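Only one structure is covered here, and it is reproduced in the block below.
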Amino acid sequence: MSGRTTFKRDGLSLSVMESGSGRRMIFQHGLCGDAAQPQELFPAGGGWSCLTLECRGHGASEAGAPDAFSIETFADDVAALAEARGGGPIVIGGVSMGAAIALRLAVLRPDLVAGLVLVRPAWFIDKAPANMAPNDEVGRLLAQHDPIEARALFEASPMAAMLAREAPDNLASLRGFFAREPIATTAALLTAIAADGPGVAREALAALAVPTLVIGHGEDFIHPLAHAEALAAAIPGARLVRITPKAVSRERYVHEARAALSDFLKEIPQ
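Residues 56 to 325 (this note's numbering) are what the sequence shown spells out, left to right.
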């Protein structure tokens with residue numbers, strides 16, 4: 056079944072997007088993103104469908120209480136959706152924050168996970184890593200100033216100057232947050248998730264026993280290649296694929312990510 060549906064949990068209406076047909080993969084988006092992000096990277100055909108739950112406060116999903124914004128809550132929502140759709144084990148993956156959600160589920164809900172895909176992970180295992188500082192800074196500015204003033208302050212900051220030099224794609228994404236409505240929800244998401252983490256231990260990664268694909272690239276401050284390399288080294292048998300940075304060529308980034316995921320899915324046992 057393709058198209059958009061809703062999933063009810065904790066009194067909230069959460070939006071679900073599914074495309075394609077065949078075996079199902081749950082593929083989660085990043086912070087302040089929506090279903091379009093993972094859906095763009097999913098290879099068409101091949102006997103697989105892509106299911107994305109838009110996390111609370113993202114896409115067409117209701118936000119609920121901001122104090123519930125956490126990777127733990129978002130992962131619990133995904134687990135509940137997976138159970139409602141027949142349970143596991145299935146392939147679960149994600150981009151950025153979605154990768155942290157998928158990693159948490161692989162560790163804490165191994166019954167649901169037959170394969171793991173981590174695209175441009177923004178965390179290894181620690182909470183509030185230094186690479187999340189740009190999101191935290193934008194969130195705090197939006198919480199304290201109107202969006203126009205907040206953006207002006209950010210554009211004049213050392214952080215923006217550094218990103219312009221080293222990670223222009225990150226800077227472009229952050230600029231979009233100043234117009235992302237509702238502003239209060241955006242600010243709360245950015246600060247809460249920037250201070251969070253997947254909530255797993257290094258020893259738990261060494262115990263994972265599912266096929267794992269890790270995709271990373273350079274020229275990305277918020278999603279450092281070092282995190283992708285560390286995860287691939289810590290998870291037994293994980294495959295690390297380095298692709299073209301979005302800052303170099305978005306077209307090549309999408310093409311190479313799709314190709315890596317397509318190759319990986321072909322190897323998942325029936």
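Even for Gly, the Cβ is constructed at its ideal location relative to N, Cα and C.
In this text the structure is predicted, and so the values were computed from the model without any measurement.
(request) Determine the DSSP secondary structure at Ser304, reduced to helix, strand or coil. (result) Counting from one through the sequence shown, the residue named residue 304 turns up at place 249. Ser304: coil per DSSP, three-state reduction.
(message) Check for me: the alpha helix (DSSP H) holding Ile248 runs from which residue to which?
(response) Within the sequence shown, numbered from 1, the residue matching residue 248 stands at position 193. Run containing Ile248: Ile238 to Ala249, per the alpha helix (DSSP H) assignment.
(request) Return yes when the Cβ of Ala157 is within less than 7 Å of the Cβ of Ala198, no when it is not. (result) Position 143 of the sequence shown, counted from the start, is the residue given in the question as residue 198. Position 102 of the sequence shown, counted from the start, is the residue given in the question as residue 157. It is not a contact, given that the beta carbons lie outside the stated cut-off.
(message) Just to confirm before moving on: does the CB-CB distance between Val133 and Leu108 stay below 7 Å?
(response) Against the sequence shown, residue 133 aligns to sequence position 78. Against the sequence shown, residue 108 aligns to sequence position 53. Against a cut-off of 7 Å, the Cβ pair of Leu108 and Val133 comes out as a contact.
(request) Mind the definition here: the segment 253–268 touches the segment 158–167 only if three or more C-beta pairs lie below 8 Å; say whether that holds. (result) yes
(request) Assign Arg228 to buried or exposed, taking buried as 16 or more other Cβ atoms, counted over all protein chains shown, within 10 Å of its Cβ. (result) Residue mapping note: residue 228 aligns to position 173 of the sequence shown, counting from 1. For the record, residue 228 in the displayed sequence is Ser; it is not Arg. Ser228 is buried by the Cβ-count criterion.
(request) Pick out the complete alpha helix (DSSP H) segments inside the segment 256–306, 4 residues or longer, and give them in chain order. (result) 257–261 and 280–289
(request) Just mark Asp181 as buried or exposed, buried being the case when its beta carbon has 16 or more other beta carbons within 10 Å. (result) Within the sequence shown, residue 181 is the residue found at index 126, counting from 1. Asp181 comes out exposed.
(message) Quick check: the Cα distance between Gly77 and Ala247, rounded to an integer number of angstroms?
(response) If you number the sequence shown from 1, residue 77 lands on position 22. If you number the sequence shown from 1, residue 247 lands on position 192. Spanning the two alpha carbons is a distance of roughly 36 Å.
(request) Compute the distance between the beta-carbons of Gly141 and Val172, then report whether it is under 7 Å. (result) In the sequence shown, the residue the question calls residue 141 occupies position 86. In the sequence shown, the residue the question calls residue 172 occupies position 117. In this structure, Val172 does not lie closer than 7 Å to Gly141 by Cβ.
(request) Could I get the ranges of all uninterrupted beta strand (DSSP E) runs contained in the segment 72–108, with 3 residues as the minimum, in chain order? (result) 78–83 and 103–108
(request) Along the alpha helix (DSSP H) that carries Leu218, what are the first and last residues, could you check? (result) Position 163 of the sequence shown, counted from the start, is the residue given in the question as residue 218. Where Leu218 is concerned, the enclosing alpha helix (DSSP H) stretches over Pro213 to Glu221.
(message) For Ala169, which residues in the same chain have their Cβ closer than 7 Å to its Cβ, ignoring the five residues on either side in sequence?
(response) Reading the sequence shown from its first residue, position 114 is the one you call residue 169. Gly143, Pro144, Ile145, Val146, Val265 and Ile323.
(request) May I ask which residues mark the beginning and end of the beta strand (DSSP E) holding Ile156? (result) Taking the sequence shown and counting its residues from 1, one reaches residue 156 at position 101. Ile156 -> not in any beta strand (DSSP E); alpha helix (DSSP H) instead, spanning Met152 to Leu163.
(message) Taking DSSP's pairing of strands, which residues face Phe124 in a bridge?
(response) For the purposes of this step, residue 124 is taken as the residue at position 69 of the sequence shown. Answer is none; Phe124 lacks a bridge partner.
(request) Taking all protein chains shown into account, decide if Gly271 is buried (16 or more other Cβ within 10 angstroms of its Cβ) or exposed. (result) Here residue 271 refers to the residue found at position 216 of the sequence shown. Buried is the call here.
(request) Starting from the Cα of Gly292, find the closest Cα among Thr267, Glu284, Ala302 and Arg307 and give me that residue. (result) Against the sequence shown, residue 292 aligns to sequence position 237. It is Thr267.
(message) Here's a check: name, in chain order, each residue in its chain whose Cβ is nearer than 7 Å to the Cβ of Lys301, leaving out the five neighbours to either side.
(response) Taking the sequence shown and counting its residues from 1, one reaches residue 301 at position 246. Cβ neighbours of Lys301 beyond the five flanking positions: Asp224 and Tyr308.
(request) Tell me, please, which residues DSSP counts as bridged to Arg313. (result) Your numbering for residue 313 matches position 258 in the sequence shown. Its beta-bridge partners do not exist; DSSP assigns none.
(request) Could you round the C-beta distance between Cys87 and Leu208 to whole angstroms and report it? I think they count as a contact, below 8 Å. (result) Residue mapping note: residue 87 aligns to position 32 of the sequence shown, counting from 1. Residue mapping note: residue 208 aligns to position 153 of the sequence shown, counting from 1. Contact flag wrong, Cβ pair sits at about 19 Å.
(message) If you measure between the beta carbons of Met214 and Glu192, is that distance less than 7 Å?
(response) If you number the sequence shown from 1, residue 214 lands on position 159. If you number the sequence shown from 1, residue 192 lands on position 137. Yes, these two residues count as a Cβ contact at 7 Å.
(message) So for Ile203, helix, strand or coil by DSSP?
(response) Here residue 203 is taken as the residue at index 148 of the sequence shown, counted from 1. It is helical.
(message) Can you list, in chain order, the residues of its chain with a C-beta nearer than 7 Å to that of Gly85? Leave out the 5 residues immediately preceding and following it.
(response) Translated into the one-based positions of the sequence shown, residue 85 becomes position 30. So the qualifying residues of the chain are Gln92, Val150, Ser151, Met152 and Gly153.
(request) In angstroms with no decimal places, state the Cα-to-Cα distance between Phe50 and Thr240. (result) This structure gives no information on residue 50, because the portion of the chain shown stretches from 56 to 325.
(message) Based on DSSP bridge pairs, tell me the residues matched to Arg59.
(response) The residue given as residue 59 occupies position 4 in the sequence shown. Note: Arg59 sits in a beta bridge opposite Met72.
(message) If I follow the unbroken beta strand (DSSP E) through Gly170, where does it start and stop?
(response) The count along the sequence shown starts at 1 and reaches residue 170 at position 115. It spans Val168 to Val174 - the beta strand (DSSP E) in which Gly170 sits, taken as one unbroken run.
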